[in-house]
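Read the structure below first, then the notes.
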Amino acid sequence: MSTKHDCFYNVAKEFSMFPGGRLKEHGPDSGEEFRDDILIPLFEECDLLTIDLTGTITYGASFLDESFGELGKRYGLAAVKNKLKLIANDDPMLVDTIWEKVRIASKEYK
């Protein structure tokens, strides 16, 4: 039996300061790449996952939809809210934007 734990991930330091577009085919550091390679594995591995979004240049809507929106589709709003904590010290509204994307995506596909 594996033991879960709390996890912390800093996007700017560990993934990219320049998050890209929606899909891998659109270029490096895409929302799809972040979701498949980072977000989903950490979400499944950790009891509580804290994602620090501080320090990047910007996040496009397509990146957020493909990463966090798809997380909502896959696991539902309640599960995501229970396990995911978001920090965005340089853009606090970003946290609200992401939660709205998770909420809408989970509603559309449930």
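Numbering of the sequence shown is given in this note's numbering, commencing with residue 77 and proceeding in unit increments.
Built from N, CA and C at the ideal position, the CB exists for glycine as well.
- By the criterion of a C-beta distance shorter than 7 Å, G96 is surrounded in its chain by H102, G103, P104, D105, S106 and F139, once the five residues flanking it on both sides are discounted.
- Rounded to whole angstroms, the separation of the alpha carbons of I174 and E108 is 15 Å.
- K161: member of the beta strand (DSSP E) spanning L160 to I163, first to last residue.
- L99 and F110 have their C-alpha atoms spaced approximately 10 Å apart.
- Measuring C-alpha to C-alpha distances from E120 to each of D172, N158 and P168 identifies N158 as the nearest.
- With contacts defined as CB atoms closer than 7 Å, I127 and L162 qualify as a contacting pair.
- Residue pairing for D172: DSSP places it in no beta bridge.
- Check the Cα spacing between D113 and each of F91, T132 and G131: the tightest is with F91.
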